[in-house]
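Numbering (full-length UniProt numbering), first residue to last: 1 to 213.
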């Protein structure tokens with residue numbers, strides 16, 4: 001009976017050791033995953049910082065910087081067109097110029113037409129930045145939740161590992177105790193066998209004496 005108990009305890013302790021090994025492997029996997037998520041989180045934070053710095057740089061630009069490029073390009077085109085006319089058509093060119101707006105009026109019209117575009121462009125850029133920020137915020141929020149879940153799982157695994165270690169130590173102590181009891185029982189059995197053999201010898205001697213009588 002004691003041998004069976006000792007064997008069962010040893011088997012149970014072996015199974016616990018195997019389970020502990022599996023838990024260590026799972027813990028290592030989670031630890032690697034945690035490091036990977038942490039690196040991704042740091043990279044995402046760097047991207048957010050870069051985007052914030054880009055937004056601040058764009059907001060510091062003068063509002064008329066973008067229209068000036070279009071204005072210069074249109075003025076250059078206008079100058080090229082004005083300079084490309086032939087001298088033979090000078091009178092016709094002057095007649096058309098007399099009916100066309102003055103350069104000051106053209107400049108004003110150009111500024112008015114160009115002033116109408118920047119707000120929409122700026123709004124589109126603001127919308128793009130807002131969408132990028134929303135995507136980055138959602139990614140950051142999801143990353144933080146995943147990190148929290150990994151930390152929770154890690155803590156649970158550590159608690160389970162500690163509990164298994166405690167149970168394993170208790171079982172090892174129980175196995176040692178059972179083995180000691182088993183050894184004591186085997187010694188008692190040997191002593192009883194020795195007493196039994198002595199009693200058998202004495203009984204045989206008594207029977208021989210009775211036969212002689």
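Note that beta-carbon positions come from the ideal geometry of N, C-alpha and C, so glycine has one too. These numbers were taken from a predicted model, which means no experiment stands behind them.
With 16 other Cβ atoms within 10 Å as the buried cut-off, status of residue i
i           : result
residue 199 : exposed
residue 178 : buried
residue 187 : exposed
residue 191 : exposed
residue 197 : exposed
residue 210 : exposed
For residue i, the nearest candidate out of the options (CA to CA)
i           : options            : result
residue 156 : 41, 26, 180        : 26
residue 144 : 192, 191, 44, 176  : 44
residue 28  : 158, 211, 11       : 158
residue 8   : 51, 172, 202       : 172
residue 24  : 175, 141, 184, 160 : 160
residue 142 : 15, 33, 41, 13     : 41
residue 31  : 51, 185, 154       : 154
Test: residue i CB closer than 9 Å to a CB of chain C
i          : result
residue 33 : The structure shown has no chain C; it contains just one protein chain.
Would you check if the region 20-40 and the region 157-171 touch, i.e. whether three or more CB-CB distances between them fall below 8 Å? yes
Evaluate the contact criterion for the region 36-45 versus the region 141-154: three or more CB pairs, one atom per stretch, below 8 Å. yes
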